[in-house]
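A.B. asks:
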Amino acid sequence: MAILETKNVNYYYQDGDQRRYILKDTSVSFEKGKFYTILGQSGSGKTTFLSLISALDQPKEGEILYNNENIKQIGYEKYRRNDIGIIFQSYNLVPYLTAVENVLVPMSITDNSLPTDVKTVAYNLLDYIGLGKSKADRLVTMLSGGEQQRVAIARALATNVEIILADEPTGNLDEEMEQEIVTIFKKLAHEHDKCVIVVTHSNEIAQQSDQTFYLSKGSLVPHE
Amino acid sequence: MNFIKRGLLSVVRKKGKSIILFAVIFVLGNLIAGAISIQQATKSVENTIKTKLGSVATVEFDYESADKTGEFDFSNMTFLSVDQIKKIGEQPAVKYYDYSTTAYSSSKTVKRYEVEDAAIMGGMNQFQVKGIHYAPVLDFAEGKGKIVDGRIFNQEEIDKDQNVAIISDKLAEKNNLHVGDTMVFQTEVYAAEFSENGQLEVTDTRDFVLEIVGIFEQTAAKKEDNKDNKKEKDVQKMFMDTEYLNTIYTSAGVVNAENDFSSEAFLKANPELSEKDVPNDPMYTPIYVLKSPEDIETFKTDIKDLMPKNYIVKTTADEYDSIAAPIKSMSKLSSYVLIVSVIAAVLIIGLVVLLFLRDRKHELGIYLSLGERKGKVLGQVMLEVLIVSIVGITLSVFSGNYLARGVSDTLLQSQTEETSTNEQMFSSMGSYALQTDVTTEDVAEAYQVKLDSNYVLLFYGIGLGAIFLSTAIPLIYIVRLNPKKIMM
Ligand SMILES: Nc1ncnc2c1ncn2[C@@H]1O[C@H](COP(=O)(O)OP(=O)(O)OP(=O)(O)O)[C@@H](O)[C@H]1O
Ligand SMILES: [Mg+2]
């Protein structure tokens with residue numbers, strides 16, 4: 745059963761009095777336990793699509809359903825708070841907080857019920873992603889790019905959500921680091937039953953995913 | 026890691042920014058605190074001095090406005106009639122009133138009281154004989170003096186123009202006079218012109234006798250002269266005190282009779298003068314004691330139609346304006362400083378916070394993308410600004426107050442020096458009837474910058490109000506933040 749679904753989603757930018765369509769009548773669905781990748785040329789609208797399913801923007805027409813409920817009904821802010829985790833290309837961590845404190849931020853924001861000892865959960869998460877205690881207590885500005893992206897992944901997981909969305913999460917990392925991160929995504933989908941959707945330019949990553957969509961001329965088509 | 030914790034960590038960990046914001050708030054806070062301190066001090070001076078001055082009014086002929094062109098015919102001048110004086114005295118704002126008339130009389134038996142080394146009045150053994158209508162004696166009712174022996178007049182004595190007198194304890198002591206004793210005075214009529222040897226000859230004289238019914242003591246506050254530069258003032262005050270102690274209160278009728286005799290005798294001795302040149306009617310100076318200083322304005326408007334042409338009301342409050350000139354200018358200055366610094370604080374702090382927020386756009390975008398409510402993001406920013414502000418404001422409560430002391434000491438000193446010279450020049454222009462012994466020095470003494478709860482509360486109120494206002498601009502900025510644009 746689909747956990748996330750788009751139904752006839754249209755999105756365009758107003759260009760003078762012309763509408764430049766980025767997405768046209770897009771209808772796709774995503775399931776739990778699967779690792780999805782979205783490929784497409786630069787400027788094709790991948791980030792736009794991700795911003796819609798992460799409720800950072802709204803479709804001009806059509807609807808996006810989470811567990812069959814329109815996210816507009818759920819409330820965009822609430823949906824972001826309780827139902828998804830987002831990972832950005834530029835890690836977007838709070839610079840004056842330590843790694844573990846960054847992981848704790850969404851835990852204080854979400855309405856989801858969490859274990860009482862949130863701090864231990866945060867440390868364990870970081871440890872699972874590959875950051876030991878000493879690094880977890882460091883200000884994030886003192887971590888490498890790869891380490892920072894791991895903190896961002898841990899943060900996306902911290903609220904115990906079922907959907908993980910990532911926009912070119914390895915764009916700033918070397919291949920070795922990229923592979924480690926992809927391995928984490930695969931584990932999240934297959935061992936933890938998450939729905940992982942990753943926008944990427946890399947065919948290698950796409951090949952490792954369960955399903956790849958190709959975005960071109962406003963439509964998302966399944967690859968192969 | 027909720028917004029409160031984040032705010033606290035942000036303040037502590039981003040020290041540079043916190044210190045800049047603190048410095049801005051501290052500097053502006055000092056200005057505001059100083060201005061408020063001075064404001065409060067000037068206000069309390071105003072209250073102290075106004076109570077000291079009381080609410081006394083008189084009605085006088087206004088020479089300045091009547092004689093603007095210099096062509097006013099003073100022989101056409103209308104006088105304030107007793108009827109008019111009484112009508113004005115019946116106004117609801119009036120507590121009690123008196124209208125007195127004065128004669129200067131000499132005596133062969135009673136000697137003036139003089140302060141030991143004062144030879145100012147050398148030779149002239151004259152007394153101010155004050156004929157009054159208000160039996161309890163206005164000066165005593167107003168606390169200028171109090172009866173220490175005998176009694177005040179009763180209304181019958183006043184109404185029947187009896188030869189009763191109240192004199193000062195000093196005068197009584199000097200002349201060994203007691204209640205029940207009588208004193209003999211002379212009304213002297215002088216020639217119209219100086220004689221060849223440069224003296225005014227006495228052309229006529231007659232005796233009148235007063236019986237002492239009471240003895241009063243001067244109760245004006247005796248101040249210690251602790252400063253050398255007060256010497257000049259002391260001489261002036263001593264002179265006035267001496268005059269007062271040599272004043273003899275009696276019924277108005279007695280004085281009127283003596284003055285009538287005077288002018289008649291003068292006319293007889295100078296037949297070339299007409300009665301018009303020597304007005305025979307008593308010229309009264311009414312003194313109205315009002316119920317409270319707040320009544321002054323209503324009193325002024327109420328009696329507008331009861332006064333003859335060209336007459337004006339003068340009150341002790343007018344005196345305040347000249348006495349407290351340095352305080353007034355300080356009060357004005359401080360209110361300007363206050364207004365300007367509050368506006369500056371709102372704008373400057375608003376801009377500083379806005380600049381810092383632009384710098385933190387990313388961080389705020391993160392919270393929003395994680396689904397944080399805008400209210401809480403706002404809350405975090407407010408909290409951060411508030412923590413720094415409260416530290417800044419709390420420190421400037423004390424330093425601003427301290428600063429105000431220093432500043433007002435210097436200001437007051439220079440202003441007082443300036444006005445004392447002016448005051449001496451103009452003191453003769455003030456209404457004689459309302460003369461007070463409250464001086465600019467009294468005002469300076471009453472001026473005190475205090476660190477009391479009123480001031481602290483007011484400052485916190487204004488300070489925090491300004492902070493809240495100044496965060497209104499950044500507030501709009503946060504509400505308009507679009508996380509998609511920032512993050513993706
Ligand atoms: N605010 C905007 N106003 C107008 N056009 C925009 C705006 N934002 C993006 N676009 C356009 O929309 C199209 C899709 O942009 P989008 O960022 O989704 O592409 P993308 O597939 O993520 O590209 P990349 O691979 O380079 O990240 C682009 O042509 C872009 O120029
Ligand atoms: Mg993109």
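Residue numbers (my numbering), protein chains in the order written: chain A, 745 to 968; chain E, 26 to 513. Don't be surprised by glycine CBs; every beta carbon is placed ideally from N, CA and C.
State yes or no: is the C-beta of A:TYR757 nearer than 6 Å to some heavy atom of ligand 1?
C.D. replies: Yes, ligand 1 has a heavy atom inside 6 Å of this Cβ.
A.B. asks: Which residue from A:ALA910, A:ASP861, A:TYR840, A:GLN893 puts its Cα closest to that of A:MET921?
C.D. replies: The shortest C-alpha separation from A:MET921 is found at A:GLN893.
A.B. asks: Looking only at its own chain, which residues have a Cβ that is under 7 Å from the Cβ of A:GLN923, when we skip the five neighbours before and after it?
C.D. replies: The answer is none, since no qualifying residue turns up.
A.B. asks: Kindly indicate if chain A contains any beta-carbon less than 7 Å away from that of E:GLY396.
C.D. replies: So, interface residue.
A.B. asks: What whole-angstrom Cβ distance do A:PHE832 and A:ALA933 have, given they're in contact under 8 Å?
C.D. replies: With 8 Å as the limit, A:PHE832 and A:ALA933 do not qualify as a contact, their Cβ atoms being about 19 Å apart.
A.B. asks: On the CB-based measure, 16 or more other CB atoms within 10 Å of its CB, does E:ILE237 come out buried or exposed?
C.D. replies: Buried: at least 16 other Cβ atoms inside 10 Å.
A.B. asks: Inspect the CB distances between the region 826-842 of chain A and the region 881-892 of chain A and report whether three or more fall short of 8 Å.
C.D. replies: The region 826-842 of chain A, when compared against the region 881-892 of chain A, does touch it at the 8 Å Cβ threshold.
A.B. asks: Quick one: Cα of E:THR272 to Cα of E:THR67, how far?
C.D. replies: Approximately 36 Å between the Cα atoms of the pair.
A.B. asks: I want to check one thing, is the minimum distance from the CB of A:ILE766 to the heavy atoms of ligand 1 below 6 Å?
C.D. replies: Yes, Cβ of A:ILE766 sits closer than 6 Å to a heavy atom of ligand 1.
A.B. asks: State yes or no: is the beta carbon of E:MET407 nearer than 7 Å to at least one beta carbon in chain A?
C.D. replies: Chain A, which has no Cβ nearer than 7 Å to the Cβ of E:MET407, makes this no.
A.B. asks: Using a C-beta to C-beta distance shorter than 8 Å, which residues of chain E count as neighbours of A:GLU845?
C.D. replies: Here the neighbours are MET26, LEU34.
A.B. asks: CA-CA distance, E:GLU85 and E:GLU139?
C.D. replies: Straight-line Cα distance between these residues: approximately 32 Å.
A.B. asks: Could you pull the DSSP bridge partners for E:ASP174 from this structure?
C.D. replies: E:ILE240.
A.B. asks: Counting pairs of beta carbons, one from the region 312-327 of chain E and one from the region 109-123 of chain E, are three or more of them closer than 8 Å?
C.D. replies: Segments in contact, yes.
A.B. asks: Which term fits E:GLY523, buried or exposed, when burial requires 16 or more other beta carbons within 10 angstroms of its beta carbon?
C.D. replies: Residue numbering for chain E in the displayed model covers 26 to 513; residue 523 of chain E lies beyond these limits and cannot be assessed.
A.B. asks: Identify whether E:ASP253 lies in helix, strand or coil by the three-state DSSP scheme.
C.D. replies: Its pLDDT being 47, under 50, E:ASP253 is placed unreliably by the model, and nothing is read from it.
A.B. asks: To which residues of the same chain is E:ILE172 closer than 6 Å at the C-beta, ignoring the five residues directly before and after it?
C.D. replies: Contacts found: GLY239, PHE241.
A.B. asks: Buried or exposed: where does E:LYS112 fall if 16 or more other Cβ atoms within 10 Å of its Cβ makes it buried?
C.D. replies: Counting Cβ neighbours within 10 Å, E:LYS112 comes out exposed, since fewer than 16 surround it.
A.B. asks: Just the Cα atoms here: how many angstroms apart are E:THR126 and E:GLU221?
C.D. replies: Taking the straight line from one Cα to the other gives about 33 Å.
A.B. asks: What is the DSSP secondary structure of A:GLU935, reduced to helix, strand or coil?
C.D. replies: Coil, per DSSP.
A.B. asks: Return the bridge partner residues of A:VAL943 from the DSSP annotation.
C.D. replies: Partner(s): A:ILE782, A:ASP911.
A.B. asks: Would you mind reading off the limits of the beta strand (DSSP E) that contains E:THR83?
C.D. replies: 81-86 is the span of the beta strand (DSSP E), which, as asked, contains E:THR83.
A.B. asks: With respect to 6 Å, is the separation between the Cβ of A:GLY787 and the closest non-hydrogen atom of ligand 1 below this value?
C.D. replies: A:GLY787 Cβ: within cutoff of ligand 1.
A.B. asks: E:GLU418: which of E:LEU494, E:ASN55, E:VAL36, E:ILE44 sits nearest, CA to CA?
C.D. replies: The sequence shown places Ile at residue 418 of chain E, not Glu. The shortest Cα separation from E:ILE418 among E:LEU494, E:ASN55, E:VAL36, E:ILE44 belongs to E:ASN55.
A.B. asks: Under the DSSP definition of a beta bridge, which residues are partnered with A:LEU809?
C.D. replies: In DSSP, A:LEU809 forms a bridge with A:GLU749, A:ASN814.
A.B. asks: Would you check if the distance between the CB atom of A:GLY889 and the CB atom of A:LEU848 is smaller than 7 Å?
C.D. replies: Result no, Cβ atoms of A:GLY889 and A:LEU848 do not sit closer than 7 Å.
A.B. asks: In whole angstroms, what is the alpha-carbon distance linking E:ALA497 and E:LEU46?
C.D. replies: So the alpha carbons of these two residues sit roughly 16 Å apart.
A.B. asks: Nearest by alpha-carbon distance to A:SER953: which of A:VAL865, A:VAL940, A:LYS961, A:SER960 is it?
C.D. replies: Out of A:VAL865, A:VAL940, A:LYS961, A:SER960, A:VAL940 has the C-alpha closest to the C-alpha of A:SER953.
A.B. asks: State yes or no: is the C-beta of E:VAL234 within less than 7 Å of the C-beta of E:GLY156?
C.D. replies: For E:VAL234 and E:GLY156, no; Cβs fall outside 7 Å.
A.B. asks: Please list the terminal residues of the continuous beta strand (DSSP E) segment that includes E:GLU213.
C.D. replies: Looking at the DSSP string, the run of the beta strand (DSSP E) that includes E:GLU213 is 207-215.
A.B. asks: Beta-carbon of A:ILE941 versus every beta-carbon of chain E: anything under 7 Å?
C.D. replies: Not closer than 7 Å to any Cβ of chain E, the Cβ of A:ILE941 fails to qualify, so no.
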